[in-house]
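Residue numbers (the working numbering): 718 to 944.
Heads up, the beta-carbon is just placed ideally off N, CA and C, and yes, glycines get one too.
In what follows, a single structure is set out as structure tokens and then discussed.
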Amino acid sequence: MKRRETSNPLSTQVRQILEHSPEVAQSGLGSDFLGRIEHFADVLHLWGARTNLTAHPGDPVEVAFHIVDSLAPLALNLCPASLREGARVLDLGSGAGFPGLILAAAVAGDFTLAETRRRRAAFLSMAAVAMGLTNVRVRVGRLSAETVDSEFDAITARAVGEAGLEIIERALGAQGHAILWVGPEQTFSVGRIRNAGLGNLVRHDYVVRRGAKAVRRSLLTVQKKSV
Numbered sequence: 718m719k720r721r722e723t724s725n726p727l728s729t730q731v732r733q734i735l736e737h738s739p740e741v742a743q744s745g746l747g748s749d750f751l752g753r754i755e756h757f758a759d760v761l762h763l764w765g766a767r768t769n770l771t772a773h774p775g776d777p778v779e780v781a782f783h784i785v786d787s788l789a790p791l792a793l794n795l796c797p798a799s800l801r802e803g804a805r806v807l808d809l810g811s812g813a814g815f816p817g818l819i820l821a822a823a824v825a826g827d828f829t830l831a832e833t834r835r836r837r838a839a840f841l842s843m844a845a846v847a848m849g850l851t852n853v854r855v856r857v858g859r860l861s862a863e864t865v866d867s868e869f870d871a872i873t874a875r876a877v878g879e880a881g882l883e884i885i886e887r888a889l890g891a892q893g894h895a896i897l898w899v900g901p902e903q904t905f906s907v908g909r910i911r912n913a914g915l916g917n918l919v920r921h922d923y924v925v926r927r928g929a930k931a932v933r934r935s936l937l938t939v940q941k942k943s944v
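Listed below in structure tokens is the structure:
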């Protein structure tokens, strides 16, 4: 995607921050990705003014922070087989598009973005079109272990608790991975994970710049057990 002319200073500033981000460089992302992100920032700014998508949709530092945080699995080289080209990825509670829409702009997997709220789902659909993404499907409605599709290679989710483990286990295919964004102090019970048919729990701590501040962040990865 070629860089476009834009009159929106927000998208330009977001791009400039990302151009100097080591995480973007470590993820091997270039101008095509940055062009998609400019379009994403435009739509986020437009919708964020009237919909409670994220706290500061007009702040380029905040928008860039959430984008870089969404790229953490790529920057840390986590579960590359589950995020390969053609992999099926389910993002639970996609909200403002972090991390699902950002990862869909970065890798050539087939993404399903699950969102319970219709207005947020409409935002996700519009943003995907504006970004030129053909690898995204938006699913509206509440998922359960009984209704979720299966055989996903990867599941991504922010702010998921142990109650979501049953859905994760049902949705993952054999040897699939879940990548969960958690608070630095949040923990999961190994017993609950084992009882849900999951294993190989690993915590990955990292730091993301938020303007002049360094913010501690954490990911948990779990894998579906072999039958």
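Query raised in the report: Counting pairs of Cβ atoms below 8 Å between the segment 750 to 761 and the segment 840 to 850, do you hit three or more?
Result: For the pair of segments examined, the segment 750 to 761 was found to touch the segment 840 to 850: the number of CB pairs separated by less than 8 Å reaches three.
Just checking my contact of Leu-795 with Thr-938 at CB under 8 Å: how many whole Å lie between their CB atoms? Contact holds; Cβ gap of about 6 Å.
| query | Based on Cα-Cα distance, which residue from His-921, Arg-911 and Gly-817 lies nearest to Thr-873? | reply | Gly-817
*Go ahead and pull the three-state DSSP assignment for Gly-765.*
helix
- Tell me, which residues are paired with His-894 by DSSP? Ala-871 and Gln-940
| query | Would Gly-803 pass as a contact of Ala-838 if the rule is Cβ separation under 9 Å? | reply | no
Legend entry - Per DSSP, the bridge partner or partners of Leu-807: Thr-829 and Ile-872
Exercise for the section: Evaluate Lys-930 with the Cβ neighbour count: other Cβ atoms within 10 Å of its Cβ, from every protein chain shown; 16 or more gives buried, anything less gives exposed. Expected result: It counts as exposed.
Open item on the list: Is the separation between the beta-carbon of Val-924 and that of Arg-933 shorter than 9 Å?
Closed with: yes
Check: Thr-829 and Val-855: beta carbons closer than 9 Å?
Finding: With respect to Val-855, Thr-829 sits close: the two C-beta atoms are nearer than 9 Å.
What first and last residue would you give for the beta strand (DSSP E) that runs through Asn-912?
-> Looking at the DSSP string, Asn-912 is not in any beta strand (DSSP E); the run it does join, the alpha helix (DSSP H), is 907 to 912.
Worksheet entry | CB of Phe-750 within 9 Å of CB of Ala-823, strictly | A contact, by the Cβ cut-off of 9 Å.
Point to revise | Distance CB(Leu-807)-CB(Ala-888) smaller than 9 Å | key: yes
- Query: Got a sec? Which residues, its chain only, sit under 8 Å from Ile-884 by beta carbon, not counting five neighbours each side?
  - Reply: Leu-809, Leu-860, Ser-861, Ala-862 and Val-865
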